[in-house]
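Beneath this line is the structure, given in structure tokens, with notes to follow.
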Amino acid sequence: MLASISTSTESTVDSAFDAIGFYENQISIDETCASHYWNLGIAYLLADREDDAQLAWFTPLSATDEIDNLTNELVLALDQKAESLAQLSHLEQAWLLRQHIIAIAPDRLENILKSIVLAHSIDRLTPECLIQWQVNDLLSATDNLDDFPEELLDGCLRGLISLQTDVSLEAIKLVLSLVKENREPLIYRTTNTAFNLFHREKIWAFAIKLAEICNEIDPNNLGTIAILSGLYCLEGLYDRAIATAKEYDRISSGVFQKLFASYLIQRAYFTAGNWENAAELVDLHRGILLEITEKYSQKSSEVQVQRLLVSSFFFPYIEDNPKINKSLQNKIANIYQNNIGLVCLKSEFDLSLQKKVGCLRIGYIASTLKTHSVGWLSRWLIHHHDRKSFQTFIYCLNLSKEDEFNHKWFRDKVDISYYFSNHPQEVAAQIKADEIDILIDLDSLTFDLTGLVMAYKPAPVQVSWLGWDASGIPAIDYFIADPYVLPNDAQEYYQEKIWRLPQTYLAVDGFEIGIPTLRRQDLNIPDDAVIYFSSQSGYKRHPDNIRCQMRIIKSVPNSYFLIKGKSDPSVIQNFFGKIAEEEGISLDRLRFLDGVPDEPTHRANLAIADIVLDTFPYNGATTTLETLWMGIPMVTQVGQQFAARNSYTFMLNAGITEGIAWNQQEYIEWGVKLGLDRDLRDKIAGKLRSGRTTAPVWNAKQFTLDMEAAYRQMWAIHQEQKKPEVIEDYSNN
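Here's what the structure looks like:
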């Protein structure tokens with residue numbers, strides 16, 4: 003029997019020699035038993051006697067007219083042995099057998115699919131394999147794949163995806179289209195693979211093509227449509243992003259799906275910089291949210307929590323009204339928390355690092371610990387952490403394990419690092435198993451999976467910091483602020499307890515600066531002209547703020563405005579151009595800049611600017627710090643919400659008050675004053691340069707000490723089982 007060939011931990015070749023003797027003896031007893039020849043041939047093959055193997059298999063085939071039946075028997079024997087070897091991890095030998103099945107019966111689709119899976123697992127799968135095996139021709143000649151195990155199809159898709167070629171894309175499309183009865187799980191996993199390839203591996207074009215195939219095969223799959231619209235936004239394919247978001251709205255039903263459809267459409271428009279169309283949706287979106295808060299204030303089986311948390315994301319970009327918008331967001335967050343369901347966070351994970359006596363265990367969770375604003379800004383806290391008093395962990399979501407920036411600034415500076423895909427319960431279980439004392443969320447509403455992990459409450463003390471405004475999730479205890487970034491009455495409309503650090507809620511030790519690629523002569527701007535500069539995404543281009551900027555340009559002779567940021571070039575140029583024309587500004591005073599390959603080059607190019615004009619009601623954060631580090635005066639308008647006060651706190655903590663405006667008129671006045679007064683600009687630049695060694699915003703080491711002191715007090719409050727209080731300045735307590 004075939005099974006009598008040993009494939010234990012002993013050498014497969016050694017056991018094959020034993021089998022050769024056994025089957026040669028069996029054949030000498032009974033020359034008519036074809037299975038003896040099949041098994042003898044397999045033994046020869048595994049003993050590296052390929053010619054003898056083929057001769058053994060040919061012997062019964064040459065002595066009968068029933069070639070088809072015997073061939074089927076031979077293929078079955080080879081397949082069973084290949085399966086057995088694969089299960090015992092003898093993958094190379096299994097691969098050898100599958101290659102011979104292809105040679106004997108090249109049209110056996112099941113073997114081809116198994117060969118794809120096996121070749122992928124041993125790194126032998128190439129585009130040439132698909133061509134040589136005629137994979138697409140075989141698939142095209144097949145009616146359906148419903149009889150094949152889902153596990154086999156799933157493994158086959160993973161192998162095909164790994165090739166990232168047009169030939170493999172066609173094969174993927176055929177496989178998905180030929181599964182009729184249980185297609186949805188395959189579509190789900192393939193779409194999520196596309197998402198991960200885009201975000202973690204940065205394989206953008208292929209990821210989009212893969213998601214497009216899923217959408218073509220299953221055009222009513224809302225999950226695929228949502229992911230595809232997001233990928234289009236990030237890749238700058240704005241028309242497709244808008245059209246796909248509208249398709250989501252067309253086929254969606256029910257208040258929760260309509261809410262997310264509204265969010266997707268707004269995101270697509272705002273990303274493109276198309277404010278005129280996006281703004282029209284705001285009242286409709288608010289109305290849906292109000293309907294949900296009124297109807298589903300209690301736990302309900304009708305609530306669809308997926309993506310509910312991010313639904314109020316765009317309000318801070320549209321208006322500075324935190325008392326209303328934060329209240330609405332808090333209600334949504336309560337509904338979200340109440341309806342996520344109970345989750346058991348017990349797992350098979352072991353304690354990954356022995357606890358040190360007297361040390362707090364701090365976990366940081368984010369999807370942005372890379373060359374992203376959050377990554378650039380948070381790295382200094384990790385860099386300066388007291389490793390003797392704190393054990394630090396990072397939980398990276400949808401981030402490649404091979405990301406060099408992450409390795410340099412995060413993975414190599416913490417005690418333990420993890421990298422997860424779309425499995426929030428697994429992340430939460432790992433955090434629980436690690437016995438994290440304080441968990442810091444750096445994503446907030448920018449990534450829904452992070453919010454879900456926080457809502458599971460895997461750590462006894464949970465904090466939001468840096469990545470965005472507070473999310474309002476009840477499971478989060480504190481929101482890190484400072485004396486300036488939130489007004490004094492902000493606790494009235496915050497669900498989290500506000501913890502104010504004594505000086506600044508963020509500090510950095512500086513930024514890497516590259517070689518500039520922007521020059522006045524290249525932009526046809528005179529040497530004596532005044533250059534205003536603004537670099538922001540389409541989200542932040544509020545028309546009221548643009549109008550103020552145009553009035554500044556109009557009031558300063560020989561001035562030009564450089565506009566940079568990711569958005570649809572034609573849309574943003576038409577948008578600015580229309581407002582400029584209404585304000586009587588010649589379009590030749592505007593310059594629209596393309597992106598640059600990296601952040602250091604972007605920062606170097608800031609040197610061309612005389613004044614930077616901030617956005618409102620959503621200020622810059624990283625862009626503001628970069629501007630101040632480069633010693634460039636700027637103008638900001640201060641509002642009431644967190645997003646409208648970032649530049650305010652950073653400017654104060656950098657040592658300047660010049661350029662801080664409290665309304666639109668002051669914004670215009672400061673912009674004009676700085677444009678007309680070169681001496682004032684030079685004075686501000688000098689203060690910024692000297693402040694590099696003294697200002698709190700550039701003292702990340704002291705900031706880290708302040709954060710660590712905050713962690714200790716938070717933990718002390720937890721230990722004492724006291725209700726958290728708003729702490730304005732813990733340093734005096």
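The sequence shown begins at 3 in our numbering and counts up by one.
All C-beta atoms, glycine included, are put in the ideal place defined by N, C-alpha and C.
Whole angstroms are fine: how far does the CA of residue j sit from the CA of residue i?
i, j, result
"residue 173", "residue 211", "13 angstroms"
"residue 123", "residue 189", "22 angstroms"
"residue 578", "residue 646", "22 angstroms"
"residue 383", "residue 97", "50 angstroms"
"residue 294", "residue 257", "8 angstroms"
"residue 105", "residue 21", "24 angstroms"
"residue 69", "residue 60", "10 angstroms"
"residue 248", "residue 511", "44 angstroms"
"residue 133", "residue 127", "11 angstroms"
"residue 7", "residue 81", "Any reading at residue 7 needs caution, since the residue's pLDDT is 37, under 50, leaving its predicted position unreliable; the model's value is listed next. Residue 7 and residue 81: Cα-Cα distance of roughly 14 angstroms."
"residue 731", "residue 479", "Note that residue 731 scores a pLDDT of 45, beneath 50, so its modelled location is shaky and nothing firm can be said."
"residue 446", "residue 217", "29 angstroms"
"residue 11", "residue 17", "Low confidence applies to residue 11: its pLDDT is 32, below 50, so where it sits in the model is not reliable enough to give any reading."
"residue 696", "residue 603", "26 angstroms"
"residue 729", "residue 482", "Any reading at residue 729 must be qualified, since the residue scores a pLDDT of 49, below 50, and its modelled position is unreliable; the value itself is stated next. Rounded to whole angstroms, residue 729 to residue 482 spans 10 angstroms at the Cα level."
"residue 263", "residue 381", "35 angstroms"
"residue 734", "residue 476", "In this prediction, residue 734 scores a pLDDT of 38, lower than 50, which makes its location untrustworthy; no coordinate-derived value is stated."
"residue 299", "residue 119", "49 angstroms"
"residue 92", "residue 116", "15 angstroms"
"residue 342", "residue 129", "44 angstroms"
"residue 715", "residue 432", "25 angstroms"
"residue 324", "residue 275", "23 angstroms"
"residue 240", "residue 270", "7 angstroms"
"residue 357", "residue 444", "24 angstroms"
"residue 302", "residue 462", "26 angstroms"
"residue 435", "residue 362", "15 angstroms"
If I'm right that residue i touches residue j with Cβ under 8 angstroms, what's the distance once you round it to whole angstroms?
i, j, result
"residue 520", "residue 607", "4 angstroms"
"residue 452", "residue 368", "7 angstroms"
"residue 111", "residue 144", "6 angstroms"
"residue 371", "residue 412", "5 angstroms"
"residue 155", "residue 177", "6 angstroms"
"residue 533", "residue 508", "About 28 angstroms; that fails the 8 angstroms criterion."
"residue 424", "residue 146", "Not confirmed; about 29 angstroms, so no contact."
Enumerate in chain order the residues of its own chain whose CB-to-CB distance from residue i is below 6 angstroms, with the five nearest sequence positions on each side excluded.
i, result
"residue 359", "none"
"residue 107", "77"
"residue 721", "none"
"residue 691", "633"
"residue 311", "338, 450, 453"
"residue 693", "656, 657"
Within its chain, find whatever has a CB closer than 7 angstroms to the CB of residue i; leave out the 5 residues flanking it on each side and keep chain order.
i, result
"residue 629", "608, 614, 636"
"residue 417", "355, 393, 394, 395"
"residue 506", "484, 651, 655, 698, 699, 705"
"residue 137", "114, 173"
"residue 571", "594"
"residue 644", "471, 487, 488"
"residue 197", "229"
"residue 62", "36, 39, 72"
"residue 9", "Note that residue 9 scores a pLDDT of 37, beneath 50, so its modelled location is shaky; the value from the coordinates is reported in the next line. For residue 9, where only same-chain residues beyond five positions count, the Cβ hits under 7 angstroms are 17, 86, 87, 90, 92."
Taking DSSP's pairing of strands, which residues face residue i in a bridge?
i, result
"residue 499", "480"
"residue 594", "565"
"residue 271", "DSSP lists no partner for residue 271."
"residue 636", "614"
"residue 422", "399"
"residue 464", "441"
"residue 244", "Looking at the DSSP assignment, residue 244 forms no beta bridge with any residue, so it has no partner."
"residue 79", "The partner list for residue 79 (beta bridge, DSSP) is empty, contrary to what the question assumes."
"residue 363", "393"
"residue 105", "In the DSSP output, where bridge partners are listed per residue, residue 105 has none listed."
"residue 623", "The partner list for residue 623 (beta bridge, DSSP) is empty, contrary to what the question assumes."
"residue 663", "639"
If I measure Cβ to Cβ from residue i and keep anything under 8 angstroms in the same chain, skipping five residues before and after, which residues do I get?
i, result
"residue 79", "4, 37, 40, 41, 44"
"residue 494", "325"
For chain E, check one thing: does any of its Cβ atoms lie closer than 7 angstroms to the Cβ of residue i?
i, result
"residue 296", "Structure shown: chain E not included; a single protein chain is present."
Any beta strand (DSSP E) of 3 or more consecutive residues that is wholly inside the segment 151-213:
none
Where in the segment 513-565 do unbroken runs of the alpha helix (DSSP H), each at least 4 residues long, occur, reported from the N-terminal end onward?
545-557
What are the start and end residues of each continuous alpha helix (DSSP H) run of 4 or more residues lying completely inside the segment 380-417, in chain order?
406-411
Alpha helix (DSSP H) runs contained entirely in the segment 682-732, provided each spans 4 or more residues:
702-721
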